[in-house]
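Heads up, the thing below is written out as structure tokens.
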Amino acid sequence: KDAEAYDEYSRVMARAAKAIKPIISMVPPDPSSLSPRDLLGLLKLGQYARSLSEKELYRIAKLVTQSSADLLDEWFEFDPLKGTKSASGIIGTFLGPRSPGTAYVLLHHYMGEIDGAFRAWGFAKNGTGGVSAAIASSARALGVEIRTNAPVDKVIVKGGVAAGVALQNGDELRAKIVLSAADPKRTFLQFVDSRHLPDDFVQSIKSFRVRGSSGKVNIALNALPDFTCLPGEGPLHRGAISISPSVDYIERAYDEAKYGQFSKNPYIDMIIPSMIDRDMAPPGHHVMSCFVQYAPYDIEGGWDDAKRDAFGDVVISTIEKYAPNLRQCIVGKQVITPMDIERIAGITGGNIFHGELLLHQLFFFRPAPQWADFRTPLPGYYFGAAGAHPGGGVMGAPGKLAADAILKDVD
């Protein structure tokens, strides 16, 4: 039965992704504003809604409010299939698969597309950092100067307008336009003095949910893990490997996180990129990247070396249940907690999406009501990070839409 339902489920989700995809490239209008720009935006939104069929409208309304578990119960019976599918609904969120709203997170990941194929994922040469390196190379070719290891202290404000940034080393960079790609809390609560922002806006940013729930364990191997379900080297080593045996398994993992503990039986999503990109490891060796939930940012007692090591060991022990040879293949590992993500990448709370993809933090409300159009209450200061519409993912949409807003304003 599930095999028969799977193809139809895939078609329905692909249609839903196509139906909602135009919203990704749409600047959210302010429904409380009477400005020509916002009224035109609302008109376009209404025209878009009218272009959808009645079935598509109801499906989208259901998806943004439903839990991923309830959605999958409508289609499937087999626990491992439902568990694996439901995992896409909890990535980057401090929610379990039975929480309302996780069906939208699942759809958000379904919108991944390669050459028109939805739910398609690819490997970037040299890892995800290779994408950043390619963008940087293109920017430098156009005369852009890029400074790294140059943390910002504050945005310089002159006459009520953003006039540049001051770095922590004392350097000042003057500019007519300042665009932040940091998370909302850093962008507005750390870089800008609150006296330059409206009180209600500051309160909205303070209440914006950015709780990190994801960890990473990167493992260096001298041989491939041998999975008992499919022994020997095979196609599974070139794709995604998921430990998510049931919805209940993931929900129980979430239960521990709710009370300040990392999951003792975590959801793990693994890839071995060196099977695709041989330059990522020496000959005969491999790297395995493990995305893990749940690892709460605000773990009871705080993260320390002992808890980090224990978390890493739980991940390895969990994988060992399916690939008993794993531990003997390990030549090195790196364990990354949400606290480490905050420290290394400067992301408040270690949330990989700069803020959870919840209904009250999407579209009109991302990052704050009345300010979802990539402009901010401080003239000359723009916001184009994952904490803006349409959210996280390696797609560049918030930055592109923010750049469009800047170009319109400077014309």
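Take the sequence shown: its letters are residues 76 to 486, numbered as in the working numbering.
From the three backbone atoms N, C-alpha and C, an ideal C-beta is built for every residue, glycine too.
Residues near residue i by beta carbon distance below 6 Å, same chain, minus five either side
{"i": "PHE440", "result": "none"}
{"i": "ARG284", "result": "GLU431"}
{"i": "SER143", "result": "SER161, GLY164, PRO172, THR177, ALA178 and LEU181"}
{"i": "VAL236", "result": "PRO454 and GLY455"}
{"i": "MET88", "result": "TYR185"}
{"i": "LEU146", "result": "ALA178"}
{"i": "HIS360", "result": "ASN297"}
Environment of residue i [buried if 16+ CB atoms lie within 10 Å]
{"i": "LYS291", "result": "buried"}
{"i": "GLN278", "result": "exposed"}
{"i": "VAL367", "result": "buried"}
{"i": "ASP258", "result": "buried"}
{"i": "PHE386", "result": "buried"}
{"i": "GLN409", "result": "exposed"}
{"i": "ALA94", "result": "buried"}
{"i": "THR423", "result": "buried"}
{"i": "VAL485", "result": "exposed"}
{"i": "ALA332", "result": "buried"}
{"i": "GLN141", "result": "buried"}
{"i": "ASP448", "result": "buried"}
{"i": "LYS260", "result": "buried"}
{"i": "SER110", "result": "exposed"}
Cβ neighbours of residue i in the same chain (closer than 8 Å, five flanking residues each side left out)
{"i": "CYS365", "result": "LYS291, VAL292, ASN293, ILE294, ILE343, ASP344, MET345, VAL390 and ILE394"}
{"i": "ILE351", "result": "PHE198 and ARG313"}
Residues near residue i in its chain [Cβ-Cβ closer than 7 Å; skip 5 each side]
{"i": "PRO514", "result": "The chain is shown only over 76 to 486; residue 514 falls outside these bounds and no answer can be derived."}
{"i": "GLY467", "result": "GLY167, ILE427, PHE428, HIS429 and ALA461"}
{"i": "LYS96", "result": "MET186"}
{"i": "GLY474", "result": "ALA256 and GLY459"}
Of the residues the options, the one placed nearest residue i, counting alpha carbons only
{"i": "GLY121", "options": "LYS137, MET101 and LYS251", "result": "MET101"}
{"i": "ASP323", "options": "LEU118, ILE166 and PRO172", "result": "PRO172"}
{"i": "GLY487", "options": "ALA225, ILE210 and LYS281", "result": "A query on residue 487 cannot be resolved here, the shown segment of the chain reaching from 76 to 486 and no further."}
{"i": "ILE524", "options": "MET88, LEU147, ILE166 and ALA80", "result": "The structure shown does not extend to residue 524, since the chain spans only 76 to 486, so no value can be given for it."}
{"i": "PHE438", "options": "ALA89, LYS93, PRO104 and ARG90", "result": "PRO104"}
{"i": "SER108", "options": "GLN445, ALA199, GLN436 and ASP388", "result": "GLN445"}
{"i": "ASN201", "options": "MET355, GLU375 and CYS304", "result": "MET355"}
{"i": "ARG270", "options": "GLY234, ASN297 and GLY239", "result": "GLY234"}
{"i": "ARG86", "options": "GLU131, GLY245, GLY116 and HIS360", "result": "GLU131"}
{"i": "LEU254", "options": "GLY239, GLY205, PRO306 and ILE419", "result": "GLY239"}
8 Å contact criterion, which residue i and residue j should meet: CB distance rounded
{"i": "ALA256", "j": "GLU247", "result": "About 19 Å; that fails the 8 Å criterion."}
{"i": "PRO300", "j": "LEU170", "result": "Incorrect: roughly 29 Å between the Cβ atoms, too far for contact."}
{"i": "SER499", "j": "ASP154", "result": "The first residue shown for the chain is 76 and the last is 486, placing residue 499 beyond what the model contains."}
{"i": "TYR369", "j": "PRO341", "result": "7 Å"}
{"i": "LEU482", "j": "GLY459", "result": "In fact, because the Cβ distance is near 12 Å, the residues do not count as touching under 8 Å."}
>> Contact between the segment 273-291 and the segment 402-415 is defined here as three or more beta-carbon pairs at a separation below 8 Å; is this criterion met?
In response: yes
> Pairing CB atoms from the segment 171-189 with CB atoms from the segment 423-436, are three or more of them under 8 Å?
Replying inline: yes
>> Tell me whether the segment 215-235 and the segment 262-276 touch, counting them as touching only if at least three CB pairs, one residue from each stretch, are closer than 8 Å.
In response: yes
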